[in-house]
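Under the working numbering, the first residue of the sequence shown carries the number 12, and numbering increases by one thereafter.
In what follows, a single structure is set out as structure tokens and then discussed.
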Amino acid sequence: MIDQSPRANALSYADAGVDIDAGNLLVQLIKPLVKATRRPGADAEIGGFGGVFDPKSAGYTDPLLVAANDGVGTKLRVAIDTGHHDTVGIDLVAMCVNDLVVQGAEPLFFLDYFATGKLDPHEAAAVVGGIAEGCRIAGCALIGGETAEMPGMYGAGDYDLAGFAVGAVERDRLLPLGDVAEGDVVLGLASSGVHSNGFSLVRKIVSLSGAYFEDPAPFDPSQSLGRALLVPTRIYVKSLLATFRATRAVKALAHITGGGFVDNIPRVLPEGLAAAIDLSAVVPPPVFGWLARNGGVSTHEMLRTFNCGVGMIAVVAAEDADSVTELLVGAGERVMRLGTIVPSTGEGVVFSGSLAL
Numbered sequence: 012m013i014d015q016s017p018r019a020n021a022l023s024y025a026d027a028g029v030d031i032d033a034g035n036l037l038v039q040l041i042k043p044l045v046k047a048t049r050r051p052g053a054d055a056e057i058g059g060f061g062g063v064f065d066p067k068s069a070g071y072t073d074p075l076l077v078a079a080n081d082g083v084g085t086k087l088r089v090a091i092d093t094g095h096h097d098t099v100g101i102d103l104v105a106m107c108v109n110d111l112v113v114q115g116a117e118p119l120f121f122l123d124y125f126a127t128g129k130l131d132p133h134e135a136a137a138v139v140g141g142i143a144e145g146c147r148i149a150g151c152a153l154i155g156g157e158t159a160e161m162p163g164m165y166g167a168g169d170y171d172l173a174g175f176a177v178g179a180v181e182r183d184r185l186l187p188l189g190d191v192a193e194g195d196v197v198l199g200l201a202s203s204g205v206h207s208n209g210f211s212l213v214r215k216i217v218s219l220s221g222a223y224f225e226d227p228a229p230f231d232p233s234q235s236l237g238r239a240l241l242v243p244t245r246i247y248v249k250s251l252l253a254t255f256r257a258t259r260a261v262k263a264l265a266h267i268t269g270g271g272f273v274d275n276i277p278r279v280l281p282e283g284l285a286a287a288i289d290l291s292a293v294v295p296p297p298v299f300g301w302l303a304r305n306g307g308v309s310t311h312e313m314l315r316t317f318n319c320g321v322g323m324i325a326v327v328a329a330e331d332a333d334s335v336t337e338l339l340v341g342a343g344e345r346v347m348r349l350g351t352i353v354p355s356t357g358e359g360v361v362f363s364g365s366l367a368l
């Protein structure tokens, strides 16, 4: 029998700052959220030592697995400072699953890592609720995760997030297809806002502007500045998967994250080719104009830091541009025809026109 009698000056794990009971409560709070993300191949139950997924049940015959991991970055600081924790989980999922779908892969399952100095079960449940919502939007199962309470590693109220996603694509549908050619058309899918990149600069600009997160947003007075900046990253998975099912016309996709247009588009182009982008075709949400004006940020810096209104790029043959646009619009996307693929003269992206900031 284990001796449970008290001892003088005895310490417990709770005395060191780790509350096992709070962790157990969190598991109970999130179980129904996780269960709601069930899909073929996963029962989305948690509590075991590992999550299980059956790709055969998901309908694949000769699949390649594609894996991605990411975080939310300093956008978390805005969530923590405003006390709005319900949407950053969507961002976490979006940053991972959008990276899967650009390779043609359907996200199958997701795992999260939540680390904090002192666990607040209800706050953490709000974060995981956002993760579950992101998984539901993307159609993938939340099959597990890890919660780490680490006193001394994080300041009071602080936490960090990491996400891990795995998807599958039939071997002959992996993107990019390798046939991107001069004359192909570059389409842009509209973003929902700043998404989850550049928030160190965003926070610097907010500080210099003298605005407060609880103030009405100068570019959208219908909501607070904090809420406006926390609009979650758009998840493009279902619209793109629907397009893949209808046509094989999409040659390449690029997720516009850190590095913006300048660094992300060339990643999917063959050597010797570049994307010629007409900036006057881009429709930036008002938040980007506000950031550029209040921070004195140059157009080039905006294009290398933010998505500027375009969260995803698609490359298609010129003869397929209209039909792919129609499919994407029918699936709920707003599509901009941004330019064409041209021979490279050293730059991966060449710009013309002016960005309406």
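Where is the CB? At the ideal position from N, CA and C, for every residue including glycine.
Segment contact: the region 111-119 against the region 139-154, three or more CB-CB distances shorter than 8 Å; contact assigned. Pairing V83 with T93, the inter-Cα distance amounts to about 16 Å. A straight line joining the alpha-carbon of V340 with that of N318 spans about 20 Å. With respect to the 7 Å criterion, R245 and S203 are classified as neighbours on the basis of their beta carbons. Between A78 and V180 the beta-carbon gap is near 12 Å, outside 8 Å, which marks them as no contact. Excluding sequence positions up to five before and after L185, its CB lies within less than 7 Å of the CB of L75, Q114 and G115, all in the same chain and listed in chain order. A straight line joining the alpha-carbon of V196 with that of A325 spans about 8 Å. Nearest to R238 by C-alpha distance, out of G70, L87, L153 and G271, is L87. Annotation for P297: the continuous alpha helix (DSSP H) segment containing it runs P297 to G306. Around the beta carbon of A329, fewer than 16 other beta carbons lie within 10 angstroms, which makes this residue exposed.
Per DSSP, the beta bridge partners of A152 are F120.
Looking only at M323, Y170, L241 and D183, the smallest Cα-Cα distance to G271 is reached by M323. With 16 or more other Cβ atoms from the protein chains shown falling within 10 Å of its own Cβ, D123 counts as buried. Its chain contains L338 as the residues whose beta carbon lies nearer than 7 Å to that of A257, once the 5 sequence neighbours on both sides are disregarded; these appear in chain order. Annotation: I267 is outside any beta strand (DSSP E) and is labelled neither H nor E by DSSP. By the criterion of at least three beta-carbon pairs nearer than 8 Å, the region 132-145 is not in contact with the region 282-290.
Judged by DSSP in its simplified three-state form, Q114 adopts coil rather than helix or strand. In the three-state reduction of the DSSP assignment, M347 falls in the strand class, which pools E and B. Secondary structure in the region 43-102: the alpha helix (DSSP H) runs of 4 residues or longer, each lying completely within the stretch, are 86-93 in chain order.
Separation of L236 and R50 (C-alpha to C-alpha, rounded to the nearest whole angstrom) is 36 Å. Inclusion of V335 and A260 in the CB contact set at 7 Å is warranted, their separation being smaller than that value. Spanning the alpha carbons of P354 and G189 requires a straight line of approximately 16 Å. One thing to note: A342 has its Cβ within 7 Å of the Cβ of A253. Setting aside the 5 residues that flank it on each side, D97 is surrounded in the same chain by A137, G140 and G141, each with a C-beta closer than 7 Å to its C-beta; the list follows chain order. In this structure, the CA atom of T158 is about 13 Å from the CA atom of Q39.
The region 223-291 contains, as complete alpha helix (DSSP H) runs of 4+ residues, the segments 236-240, 248-257 and 271-275 (chain order). When secondary structure is reduced to three states using DSSP, M323 falls in the strand class. Across the structure, K46 and L36 are spaced so that their CA atoms are roughly 16 Å apart. With contacts defined as CB atoms closer than 7 Å, G194 and M347 fail to qualify as a contacting pair.
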